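Structure first, then comments.
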Amino acid sequence: MTKGTTSFGKRHTKTHTMCRRCGNRAYHNQKKTCASCGYPAAKIRSYNWGMKAKRRKTTGTGRMRYLKTVNIRFKNGFREGVKAAAPAAASK
14 MTKGTTSFGK
24 RHTKTHTMCR
34 RCGNRAYHNQ
44 KKTCASCGYP
54 AAKIRSYNWG
64 MKAKRRKTTG
74 TGRMRYLKTV
84 NIRFKNGFRE
94 GVKAAAPAAA
104 SK
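At position 55 of the sequence shown (counting the first as 1) the number is 68 in my numbering, and the numbers step up by one without a gap.
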């Protein structure tokens with residue numbers, strides 16, 4: 014048996030499947046951990062030596078369904094349940 018071409022032909026099982034947290038094909042079937050996000054660990058996997066990877070995953074690269082409204086609400090002092098003031102009457 015050789016170490017090269019013939020051995021590579023026998024590779025037909027998948028070591029990594031889809032991760033339920035990050036969606037990447039990085040969840041290791043035997044280790045039961047994701048190589049990309051670190052699932053099932055509580056904290057998202059990130060390292061300082063991987064600055065580009067951090068940049069791809071950081072806040073602001075997704076939809077920010079909640080965070081994009083926070084800045085507007087902060088400007089108004091987080092007011093709630095108050096009716097908007099009527100606009101000033103137009104001059105004649």
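Ideal Cβ positions, reconstructed from N, Cα and C, are used throughout, including at glycine.
All figures in this text were calculated on a predicted structure; none of them were measured in a lab.
R68 has its alpha-carbon roughly 22 Å from the corresponding atom of V83. Each residue's CA atom was taken as its position, placing T15 and I57 some 41 Å apart.
For T26, the closest of T18, Q43 and N37 by C-alpha to C-alpha distance is Q43. In the DSSP assignment, the residues bridged to T46 are H41. Around the Cβ of Y40, a 10 Å sphere holds 16 or more other Cβ atoms; the residue is buried. With distances taken between CA atoms, P53 lies nearest to C35 out of W62, M64 and C35. Residues A66, K67 and K70 of the same chain have their beta carbon placed closer than 8 Å to that of S59, with the five preceding and five following residues left out of the count. Collapsing the DSSP output to three states places T82 in a helix.
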